[in-house]
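Notes for the one structure printed next.
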Amino acid sequence: MPDRITEFIGKVTDSGTCTGCGLCAGLDNSGKSFMKDTPLGPRPSISSDHRIPDDIFHCCAGHRLDYPALYRAHYGKYPESWLTGTISGVYTGFCKDEQVRRNSSSGGVITAVLTTLLETGRIDSAIVVTQGIPEPEKASVVIVSTAEAIRAASQSVYIPVSTLDVLHKLDPEKKYAITCLPEQSAALRYLQHKGHPQALSIRYILGPYTGTAIYPAAITTFKTINGVKRHDRVSSLKWRAGEWPGYLEILTESGKVLRSPKVYYNFLIPFFVTNTSLQSMDFANEFADLAVGDAWSPEFESQGQGFSVVVSRNESMTAILSEMKHQGILSLEDAPAESAHSMHGHMIDFKKRGSYIRNRMRRMLLMKAPDFGYKPAVIGIKRVLVELVISAIFLFGRTRLFRLILYLLPERIIGPLFNSLRLRWKSISKKTKRQGLTSYEVIISEQ
Ligand SMILES: Cc1cc2nc3c(=O)[nH]c(=O)nc-3n(C[C@H](O)[C@H](O)[C@H](O)COP(=O)(O)OP(=O)(O)OC[C@H]3O[C@@H](n4cnc5c(N)ncnc54)[C@H](O)[C@@H]3O)c2cc1C
147 MPDRITEFIG
157 KVTDSGTCTG
167 CGLCAGLDNS
177 GKSFMKDTPL
187 GPRPSISSDH
197 RIPDDIFHCC
207 AGHRLDYPAL
217 YRAHYGKYPE
227 SWLTGTISGV
237 YTGFCKDEQV
247 RRNSSSGGVI
257 TAVLTTLLET
267 GRIDSAIVVT
277 QGIPEPEKAS
287 VVIVSTAEAI
297 RAASQSVYIP
307 VSTLDVLHKL
317 DPEKKYAITC
327 LPEQSAALRY
337 LQHKGHPQAL
347 SIRYILGPYT
357 GTAIYPAAIT
367 TFKTINGVKR
377 HDRVSSLKWR
387 AGEWPGYLEI
397 LTESGKVLRS
407 PKVYYNFLIP
417 FFVTNTSLQS
427 MDFANEFADL
437 AVGDAWSPEF
447 ESQGQGFSVV
457 VSRNESMTAI
467 LSEMKHQGIL
477 SLEDAPAESA
487 HSMHGHMIDF
497 KKRGSYIRNR
507 MRRMLLMKAP
517 DFGYKPAVIG
527 IKRVLVELVI
537 SAIFLFGRTR
547 LFRLILYLLP
557 ERIIGPLFNS
567 LRLRWKSISK
577 KTKRQGLTSY
587 EVIISEQ
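My numbering runs 146 ahead of the 1-based position in the sequence shown.
Given below as structure tokens:
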């Protein structure tokens, strides 16, 4: 007979809202629960002897994370903007070390900050996510204690990776920094405010802006449509290889080299987008000390090389960035918050209004959806209609039948075709998606 916690986790997993973050396994003080690989990413395997505390009911992102309560507890108030969260400083910039910048996702800022935290003794180790462990197609969280290992973990990983299962391995006497996705940062803050010793040993949370991730099956499909035989295994995979914005690069044991520019391999998104991407309402990693995204703008894109939007959420992180700038490690230009955020208007809307509508539709269909404790104060009917189109694309795109399209059209056709359709759709829906966004307000639903 499963106990109520096992039953709860089972319900979250079965309902399809589990984000695979690994928090439940990481909270198990018995150390016997773990995350197992599935086609939908990591999923929990909970031991019958588990010692998971009741906290899990309040910080599982597949169930409920009370953002307003967390804002009050962590920042002492609600943010000025619910679109981007509490802000101490906003910049555009990059790491001045050419190699770090080139090997990273955008400007190498996360790698540079982690390295500085380590080298200045602010942390003993960094908890990072790296592609290629335990094998080239997979990705894992690792605890590293050298600058070299931090650099080796540069680049974004766009498949789901459980990160918080690392919690029970942390030494409360040590100091860590972690990189994690938005709801994972929020869950960690919840635990820190509850006095969880391992969560408190994490002194810095750094995280990417997070739009969409894709299921691992996307890699298999990408290989197959590019003519790679089933037995020809991947020997190396990078999501953002080469010059920014980079390309997906897959090398195989037989010597095949597949390369697809980021803007082209985005065609995999409608077919393999994760449920987590569709349900999350946090794009800008609102509870990370430092949140970093790509600086998408014609001005930066025309230069290549790599530029990031950098958001510090407290004075201590702002001081670290300023120190790094004066030491010549980072190039940082103050950016007006509005212009920095307008680079991401589309994705901010996708999360802040789109996810709310999608979660609401799930509930209307009697399906489980996570609750983040607030909802947009106003959503126009046009915005709902746009969401119906987007949701229909994801609904059909993820079916086997529609995935067959990928096998019929070569990547050199579907890549550019998808990109041009995406840009056209972006321009058609732009007015509706941006309408009312700058005056976005929320209604807080007490829990
Ligand atoms: C799933 C996902 C979706 C994203 N969507 C967007 C988007 O829509 N728009 C946008 O502007 N930016 C997005 N980003 C962020 C962007 O890709 C870069 O990560 C960000 O600009 C930081 O770049 P950087 O050069 O400073 O990072 P780097 O210096 O390359 O360092 C990257 C760090 O991120 C960590 N990391 C990588 N993947 C993960 C992961 N899955 N979970 C936890 N930690 C991880 C690594 O540990 C590494 O230390 C996304 C990132 C991810 C992982």
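Ideal placement from N, C-alpha and C gives every residue a C-beta, glycine not left out.
Simplified DSSP assignment, three categories, for residue i
| i | result |
| --- | --- |
| L476 | strand |
| T165 | coil |
| W571 | helix |
| I371 | helix |
| L436 | strand |
| K521 | strand |
| P214 | helix |
| L555 | coil |
| P199 | coil |
| A603 | Outside the modelled stretch of the chain, which goes from 147 to 593, sits residue 603, for which no answer is possible. |
| F180 | strand |
| T584 | coil |
| A430 | coil |
| R189 | strand |
| S454 | strand |
Exposed unless 16 or more other CB atoms sit within 10 angstroms - verdict on residue i
| i | result |
| --- | --- |
| R189 | buried |
| G166 | buried |
| I551 | exposed |
| D195 | exposed |
| S347 | buried |
| T292 | exposed |
| L211 | buried |
| P280 | exposed |
| M470 | buried |
| Q338 | buried |
| R218 | exposed |
| E479 | exposed |
| S423 | buried |
| L563 | exposed |
| E557 | buried |
| N421 | buried |
| A345 | buried |
| T584 | exposed |
| G474 | exposed |
Sequence-distant residues of its chain with Cβ nearer than 7 Å to residue i (five each side left out)
| i | result |
| --- | --- |
| K402 | V374 and D378 |
| E461 | S234 |
| G353 | T325, C326, L327, P328, S331, N431, A434 and A437 |
| I590 | P214, G519 and Y520 |
| G208 | V158, T163, C164, T165 and P516 |
| G500 | E533 and I536 |
| S271 | I289, V290, S291, K320 and Y322 |
Contact set for residue i: own chain, Cβ-Cβ below 6 Å, skip 5 residues either direction
| i | result |
| --- | --- |
| M463 | D435 and L436 |
| N249 | S300 |
| T179 | Reading the sequence as shown, one finds Ser at residue 179 and not Thr. Cβ within range, chain order: A171, I192, S193 and H196. |
| R549 | F417 |
| H220 | R335 |
| L397 | S381, S382 and V403 |
| D440 | S252 |
| I155 | C170, P190 and I192 |
| I560 | F413 |
Cβ-based neighbour list, residue i, same chain, cut-off 8 Å, excluding 5 preceding and 5 following
| i | result |
| --- | --- |
| D200 | I151 |
| F240 | R247, S252, G253, G254, V255, Q451, G452, F453, S454, L476 and S477 |
| S286 | V275, T276, I279, P280 and V307 |
Beta carbon of residue i nearer than 9 Å to that of residue j
| i | j | result |
| --- | --- | --- |
| V303 | Q330 | no |
| A430 | L169 | no |
| I536 | Y502 | no |
| H490 | Y355 | yes |
| R509 | Q425 | no |
| F540 | V380 | no |
| V307 | V290 | no |
| Y393 | R376 | no |
| Y361 | P185 | yes |
| E484 | A523 | no |
| M603 | E533 | The requested residue 603 is not part of the displayed model; the chain covers only 147 to 593. |
| Y224 | S458 | no |
| H342 | G177 | no |
| I365 | Y553 | no |
Interface flag, residue i vs chain D, CB-CB below 9 Å
| i | result |
| --- | --- |
| G526 | The chain labelled as chain D is not found in the depicted structure, where only one protein chain is given. |
Check: residue i C-beta below 8 Å from any heavy atom of ligand 3
| i | result |
| --- | --- |
| H490 | Ligand 3 is not among the ligands present in this structure, which contains only ligand 1. |
What are the start and end residues of each continuous beta strand (DSSP E) run of 3 or more residues lying completely inside the region 458–519, in chain order?
476–480
Secondary structure, alpha helix (DSSP H): runs of 4+ residues fully inside the region 228–285:
244–249 and 255–265
What are the start and end residues of each continuous alpha helix (DSSP H) run of 4 or more residues lying completely inside the region 301–367, in chain order?
328–339 and 343–346
Taking only runs that begin and end inside the region 375–412, name each unbroken alpha helix (DSSP H) of 4 or more residues, in chain order.
408–411
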